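S.K.:
Numbering (our numbering), first residue to last: -12 to 156.
Here it is as structure tokens:
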């Protein structure tokens, strides 16, 4: 599947990153995977937390969303849809991912995978790729999205808002 660059902002604030995640949350459905890349502290967990809490808020309540850095996987059943928040930082062998049950989750749940480069050949070709990088402004980060033409179609309203620098909430 061919990936297209869908959106890039070289300096997006933490608040606008969270707003972007909140706007993306209702657009996701079972079987969707977002692969997160970026160095330690770039905001991957911040983005995932905002997205998961936005889904929770849609269903009437918000809970704490801890980072799965030590547990590797946190799962949430939100409105009948399972969300997997996965942190692969401590894993080095792509075969270890199989033991987590990720292959099954990719087809059935919304999967948010931090340190996705560790998946190797197990990366789902249909996934949306989200990269966060440090920016010159310490209060900002770079954000870029790449995905298939299907992602481009589905996210068009969000991408148009973001490209116009309008507030995405």
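Backbone N, C-alpha and C define an ideal beta-carbon position, used for all residues, glycine too.
Quantities reported herein were computed from a predicted structural model and do not represent experimental measurements.
Among the residues of its own chain, which have a CB less than 8 Å from the CB of residue 127, if the five just before and after it don't count?
M.R.: -2, -1, 0, 1
S.K.: Which of the three DSSP states is assigned to residue 118 in this structure?
M.R.: Residue 118: strand per DSSP, three-state reduction.
S.K.: Between residue 100 and residue 20, which are expected to be in contact by the criterion C-beta below 8 Å, what is the C-beta distance as a whole number of angstroms?
M.R.: 7 Å
S.K.: Rounded to whole angstroms, what's the CA-CA distance from residue 8 to residue 37? Just pull it up for me.
M.R.: Whole-angstrom Cα-Cα distance: 6 Å.
S.K.: How about residue 17 and residue 97: are their beta carbons less than 8 Å apart?
M.R.: yes
S.K.: Just to confirm my understanding: we take residue 12, look at its own chain, exclude 5 residues before and 5 after, and list those with CB closer than 6 Å. What are they?
M.R.: 38, 41, 42
S.K.: Is residue 138 helix, strand or coil by DSSP?
M.R.: helix
S.K.: Work out the CA separation of residue 134 and residue 35 for me, nearest whole Å.
M.R.: Each residue's alpha carbon lies about 18 Å from the other.
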